[in-house]
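Here's the structure we're looking at; comments come further down.
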């Protein structure tokens with residue numbers, strides 16, 4: 564998350580966040596640092612859109628885990644030798660300190676980096692990776708997750724002119740051999 568995005572999510576001034584949390588250089592904030600957010604409004608999802616012609620697909624995944632969040636996936640993906648979390652967005656299921664249906668934006672999205680979520684058909688370079696926390700071979704996503712997924716997909720597909728036929732589950736990508744995002 565960026566300090567700007569956190570401020571927007573909770574309708575708090577960036578300078579207030581910096582002062583209250585004694586942040587002098589925003590580039591020195593470590594992943595996982597807890598921030599105090601004074602007078603926070605109810606959290607709202609903020610999705611920043613960047614001008615680009617590279618995004619042609621949206622690829623939907625499940626984490627195949629019962630719990631997690633972007634920070635947990637970042638740790639796991641770093642251990643695999645990746646450049647952090649492989650998805651552009653993570654939609655939480657209410658575990659690991661995040662709200663059910665909360666949309667987390669990864670550094671890959673903010674930096675407009677290729678994903679590390681689907682090698683098949685070169686989707687990492689042209690597909691926006693969205694991961695819902697949960698194992699959907701064993702259960703279903705929550706209503707809050709599905710509402711957030713619909714909001715996010717509609718926003719991304721509209722802005723980047725991605726046709727419905729290019730919104731795929733990971734296992735629907737030609738060459739992918741997985742049941743992701745679940746059965």
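In the numbering used here, the protein residues as written are 564 to 746.
Just so you know, even glycine gets a beta-carbon here, dropped at the ideal spot from N, CA and C.
Values in this document were obtained by computation on a predicted structure and should not be read as measured data.
Item, Value
"Residue of 606, 591, 592 minimising C-alpha distance to residue 570", "606"
"N-terminal and C-terminal residue of the beta strand (DSSP E) that residue 736 is part of", "Element bounds for residue 736: n/a, residue is neither H nor E."
"Contained alpha helix (DSSP H) runs [length at least 4] in the segment 638 to 714, N- to C-terminal order", "670 to 673, 686 to 689"
"Residue burial classification, residue 728 (beta-carbon count within 10 angstroms, cutoff 16)", "exposed"
"Reference residue 734; option with closest CA among 708, 683, 642", "683"
"Given 8 Å, three or more beta-carbon pairs between the segment 661 to 675 and the segment 631 to 650", "yes"
"Proximity to residue 643 [Cα-Cα], best of 621, 633, 679, 632", "679"
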